[in-house]
Amino acid sequence: MGTVDLVLERCKIVTAKEILEGNIVVEAGKITGFHKAAKTPKAEETFDCKGKIVLPGAIDPHVHFRDPGKTHKEDFYTGSLSAAFGGVTTVLDMPNNNPDIDSNKNLDLKRKEIAKKAVVDYGLYAEVHNGNAGKIDKVNAIAYKAYLDEKINYENLQIALNKLKNKIISVHPEDSQIIKRKSERPLEAELEAIKKIRALKYNGNKIHFAHCTSKKSLDLIRNCPNATVEVNIPHLFFDISYAEQLGPFVKMKPPVREREVREELWNNLSRVDCLSTDHAPHTLKEKEDEGLNGMPSVEVFLRLLIDYGYRKRLDWTEIARLSAGGAAKVFGLKNKGSIEIGNDADLVVVGKDDWNIIKSEELHSKCGWSPYNRWEVKGSVEKVYLRGELIVDGDAFIGKKGIGRELNG
394 MGTVDLVLER CKIVTAKEIL EGNIVVEAGK ITGFHKAAKT PKAEETFDCK GKIVLPGAID
454 PHVHFRDPGK THKEDFYTGS LSAAFGGVTT VLDMPNNNPD IDSNKNLDLK RKEIAKKAVV
514 DYGLYAEVHN GNAGKIDKVN AIAYKAYLDE KINYENLQIA LNKLKNKIIS VHPEDSQIIK
574 RKSERPLEAE LEAIKKIRAL KYNGNKIHFA HCTSKKSLDL IRNCPNATVE VNIPHLFFDI
634 SYAEQLGPFV KMKPPVRERE VREELWNNLS RVDCLSTDHA PHTLKEKEDE GLNGMPSVEV
694 FLRLLIDYGY RKRLDWTEIA RLSAGGAAKV FGLKNKGSIE IGNDADLVVV GKDDWNIIKS
754 EELHSKCGWS PYNRWEVKGS VEKVYLRGEL IVDGDAFIGK KGIGRELNG
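Have a look at this one:
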């Protein structure tokens, strides 16, 4: 047997179904085998994990890296760097940029802007709205986003569904008419939007319900054929009681809910296809002065789940599904989302179960603040591999700008 590129030795390998003990063999960026010590080939590079947990690189299917047009908040380098340090090796970036990513022209503009900045792999959404629903099939994106709260009505969403074939439309499920009457964006707006979206004809397309916030939402969606659902990390870790201390820094849409609603969501995670962050940074001044919706979360996404793994609140296999495997399945991301032979070697070596403190000054988002500041968590992201290449080693980024590749699903 010849020499291979990389071997991770003595791993606890978290697969979709179980935890295996052994070595991971990587060649040409792909996982090519799992071996016991005696059968492992020689490698150009070897790392002894010493029994540490190895997770698949996380996939965040819902980020706003603000590039192009709003790069004072974030850009694709700082956003993807933040993702990398958090063990997120693939992101799907939302289209509400400046200009809106609602045409092939604007999509190509965005591609050119970000290609040399990305340090993780990525896919790009296109936006479907009232002005382009009838020609959205001409726009070639990994998936499409429909903002029912402000940019598209149900009639035009149906037109888009008639035009597209075998595509994924991620919907923001809040009813605009209810929001106009009730600025607090009650759960009622979310439930009404889901009911109306359920009544549409999907014509072979898949509807993906983004950032659902309650068990009642899951109940409605699970009776909806050809639909999937994601939950945002902030809706699991914050509720309205946090607003007393953090004020605008936990303001987002849909808003964080009551504590009992949050607890019900935790109890129903087995019914959720994937988790995401809705990473949506604003400057500190914008949050303080204008209370804009959104918060940075991509760098703490996996760290919070690792903490729950060590504290036995989540099984490690469920963490792998919710943070990686589920999103890969929903969005058809080939060779991503799980540690198995033939897949990309997107791997996260998890630090041991010591207590660590999340510090906003040590995070990498351009916005420079975090609602998770000073939270204590167990474990850490120790090493991150993207397609077999080490890009994060402890506190050091050793990858390079432009290493990230665009995915087409």
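In the working numbering, the protein residues as written are 394 to 802.
A virtual CB, placed ideally from N, CA and C, is assigned to each residue, including glycine.
These numbers were taken from a predicted model, which means no experiment stands behind them.
Three-way DSSP call (helix, strand, coil) for residue i in this model
i, result
"residue 803", "In the structure as shown, the chain starts at 394 and stops at 802, and residue 803 therefore has no counterpart that could be examined."
"residue 748", "strand"
"residue 757", "coil"
"residue 458", "coil"
"residue 398", "strand"
"residue 561", "strand"
"residue 724", "helix"
"residue 547", "helix"
"residue 641", "helix"
"residue 552", "helix"
"residue 530", "helix"
"residue 733", "coil"
"residue 423", "strand"
"residue 537", "strand"
"residue 799", "strand"
"residue 582", "helix"
"residue 763", "coil"
"residue 590", "helix"
"residue 497", "helix"
"residue 803", "Nothing in the structure corresponds to residue 803, since the chain is present only between 394 and 802."
"residue 573", "helix"
"residue 628", "helix"
"residue 659", "helix"
"residue 716", "helix"
"residue 711", "helix"
"residue 524", "coil"
"residue 473", "helix"
Residue j beta carbon less than 7 Å from that of residue i
i, j, result
"residue 610", "residue 583", "yes"
"residue 720", "residue 452", "yes"
"residue 513", "residue 473", "yes"
"residue 670", "residue 654", "no"
"residue 777", "residue 480", "yes"
"residue 565", "residue 550", "no"
"residue 644", "residue 684", "yes"
"residue 598", "residue 658", "no"
"residue 804", "residue 758", "The displayed coordinates of the chain run from 394 to 802. Any statement about residue 804 would go beyond what the structure contains."
"residue 552", "residue 527", "yes"
"residue 589", "residue 537", "no"
"residue 726", "residue 800", "yes"
"residue 765", "residue 693", "yes"
"residue 532", "residue 511", "no"
"residue 530", "residue 556", "yes"
"residue 700", "residue 624", "no"
"residue 412", "residue 405", "yes"
"residue 779", "residue 482", "yes"
"residue 397", "residue 421", "no"
"residue 509", "residue 797", "no"
"residue 647", "residue 672", "no"
"residue 629", "residue 587", "no"
Whole-angstrom C-beta distance between residue j and residue i, which should lie under 8 Å
i, j, result
"residue 808", "residue 449", "With the chain covering only 394 through 802, there is no way to say anything about residue 808."
"residue 465", "residue 495", "Incorrect: roughly 22 Å between the Cβ atoms, too far for contact."
"residue 377", "residue 750", "Only positions 394 to 802 of the chain appear in this structure, which leaves residue 377 out of reach."
"residue 773", "residue 408", "That pair is no contact at about 22 Å."
"residue 601", "residue 723", "6 Å"
"residue 649", "residue 622", "About 18 Å; that fails the 8 Å criterion."
"residue 477", "residue 792", "7 Å"
"residue 606", "residue 580", "7 Å"
"residue 401", "residue 416", "6 Å"
Residues bridged to residue i [DSSP beta-bridge criterion]
i, result
"residue 416", "428"
"residue 516", "485"
"residue 407", "412"
"residue 667", "623"
"residue 688", "672"
"residue 439", "400"
"residue 334", "Since the first and last residues shown for the chain are 394 and 802, residue 334 lies out of range."
"residue 449", "740"
"residue 600", "562 and 620"
"residue 779", "782"
"residue 789", "786"
Proximity test, Cβ basis, 7 Å: residue i and chain C
i, result
"residue 668", "The displayed structure is made up of one protein chain only, and chain C is not part of it."
- Message: Can you confirm whether the region 705–713 touches the region 456–463 when touching is taken to mean that 3 or more C-beta pairs between the two stretches lie within less than 8 Å?
- Response: Contact between the region 456–463 and the region 705–713 is absent, because fewer than three Cβ pairs lie under 8 Å.
- Message: For the structure I just gave you, are there three or more beta carbon pairs, one from the region 444–456 and one from the region 491–500, closer than 8 Å?
- Response: Taking a cut-off of 8 Å on C-beta distances, the region 444–456 does not touch the region 491–500, as fewer than three cross pairs fall below it.
- Message: Using 8 Å as the cut-off, can you tell me whether the region 626–635 makes contact with the region 561–576, which would need three or more C-beta pairs spanning the two stretches below that distance?
- Response: Look at the beta carbons and you see the region 626–635 not touching the region 561–576: under three pairs across the two are nearer than 8 Å.
- Task: Inspect the CB distances between the region 786–797 and the region 418–427 and report whether three or more fall short of 8 Å.
- Result: Touching, no.
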